[in-house]
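The opening position of the sequence shown corresponds to residue 11 in my numbering, with each subsequent residue numbered one higher. Data first, discussion second: the structure below is written as structure tokens.
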Amino acid sequence: MGGTKILAAAINSKDGIIARVKRETPPGNNKEKYIQSLAEIVEAVVNELHLSESNVKAVCLGVPGSVNPFTGIIGLAPNLRLRNFNIGERLHGLIPYPVLIENDVNLGALGIKKFGVGKNSKNMLVVFIGTGIGGGLILDEKIYRGSNFVAGEIGHMVVKKDGPLCGCGNRGCIEAVASRTAIVKNIEKDIKSGKKSVLSGFVKNKERIKSRALSQAINQKDPLAVKRINEASETIGVMLAGVSNLLNVDMIVLGGGVIEAIGKFMMPRIKKSFNKNVMEGSAKGLKIIASKLGDDAALYGGIPLAEEFLGVKV
């Protein structure tokens, strides 16, 4: 579930992803319309494969926000404008399948642990860098959700005192400093101040600068893009070093749209900053690696979620 798109797939352990459907998130702030759109996309996948009701063991939702997977309640999903909303109950009223919910990055972490590069990791931090920055924690091979189900909100660690305003209401969160949104804001500010860039046309035409445009700018060695992405990479490395010193994980997996688009540029710089700031003992044996599952990580995470909550293996 995203602020701009909803991606649904039919998936099992044997065949992987069998079918997928992507649709735009309905505009406006209409909860009923949103729930209806979720029911419709689920049925679209079911109909595409001509599945019977008994073929579907669970519908798992990945929510960009704080959720309680035991009650089905979204605490806060700012990009979806949903607060204290029992989406599990409401959606189950429209479809005949069990409904499970989980934070989207937690689902990604579960998918990476079971099907991706984290298979052999015991303690793992997953960080997705895109429009925002989200995190998921695997500790002792299990997802760690925290006392109030908000563990892993790494994007809201403050890294710059009195820094830019974040969507959470705080200032200087790493999401407001080093996400794609933050990188783009800084580049746009530079261009508006008169600095030259291959991205100037986007600003002039009031077009959104997406990850692909950042990748093209890096390939052309655009000085503004290089500078701002360098800064973000260094800040991310410092943050990861701090978390590593706290938790002593054995693997850090980076994913999300930004890493997919410009990971080759960012990863060495993130690692360099990490190594400069981490304690030697904490870094011993630790791997920093890019996810290979992309957006599919969260889809695969539905399989272990269904096993955890329903005791079913698919």
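Backbone N, C-alpha and C fix where the C-beta goes; we use that ideal spot for every residue, glycine too.
Beta-carbon contacts of residue i that lie in its chain and below 6 Å, excluding the five residues immediately before and after
i: G142; result: G165, E185, S189
i: A119; result: V136, G146, I148
i: G177; result: P88
i: V291; result: Reading the sequence as shown, one finds Gly at residue 291 and not Val. None.
i: R30; result: A19
i: I51; result: I16, A18, V31, R33
Run of the beta strand (DSSP E) containing residue i, from where it starts to where it stops
i: F275; result: Not the beta strand (DSSP E): F275 falls in the alpha helix (DSSP H), residues 267–287.
i: K32; result: 26–34
i: A20; result: 15–22
i: F80; result: Counting along the chain, F80 falls outside any beta strand (DSSP E), and DSSP gives it neither H nor E.
i: L48; result: Element bounds for L48: not the beta strand (DSSP E) but the alpha helix (DSSP H), 41–58.
i: E317; result: From DSSP, E317 is part of no beta strand (DSSP E) but of the alpha helix (DSSP H) over 306–320.
i: V109; result: 109–113
Buried versus exposed call for residue i [16 or more other C-beta atoms within 10 Å across all chains shown]
i: D305; result: buried
i: I153; result: buried
i: L59; result: exposed
i: F80; result: exposed
i: N94; result: exposed
i: G379; result: Here the chain has residues from 11 to 324 only, and residue 379 is not among them.
i: R155; result: buried
i: T14; result: exposed
Close-in-space but distant-in-sequence residues of the same chain around residue i (CB under 8 Å, 5 per side omitted)
i: G173; result: R181, G182, C183, A186, V187
i: A223; result: L209, F212
i: K302; result: G126, V127
i: I28; result: A19, A20, I21, N22, L59
Other residues of its chain near residue i: CB distance less than 7 Å, five sequence neighbours each side excluded
i: M289; result: N255
i: V324; result: N22, S23, K67, I313, A316
Range of the contiguous alpha helix (DSSP H) that encloses residue i
i: L296; result: Counting along the chain, L296 falls outside any alpha helix (DSSP H), and DSSP gives it neither H nor E.
i: L71; result: Careful: L71 lies outside any alpha helix (DSSP H), inside the beta strand (DSSP E) at 69–73.
* Meets three-Cβ-pair contact criterion under 8 Å: the region 192–209 and the region 255–264 -> The way I'd put it, the region 192–209 doesn't touch the region 255–264; fewer than three beta-carbon pairs between them come closer than 8 Å.
* **At least 3 beta-carbon pairs within less than 8 Å: the region 68–83 vs the region 36–46** => The region 68–83, when compared against the region 36–46, does not touch it at the 8 Å Cβ threshold.
* 4-residue-minimum alpha helix (DSSP H) runs that sit fully inside the region 201–267, ordered along the chain -> Runs of the alpha helix (DSSP H) inside the region 201–267: 210–214, 221–229, 233–257.
* **Contact between the region 57–67 and the region 104–112 (3+ Cβ pairs under 8 Å)** => In short, these stretches touch, since the Cβ pair count reaches three.
* Taking three-plus beta-carbon pairs below 8 Å as touching, is the region 273–282 in contact with the region 114–129? -> Look at the beta carbons and you see the region 273–282 not touching the region 114–129: under three pairs across the two are nearer than 8 Å.
* **Segments of 3+ residues assigned as beta strand (DSSP E) that fall wholly inside the region 139–210** => As far as the region 139–210 is concerned, its whole beta strand (DSSP E) runs of at least 3 residues are 143–149.
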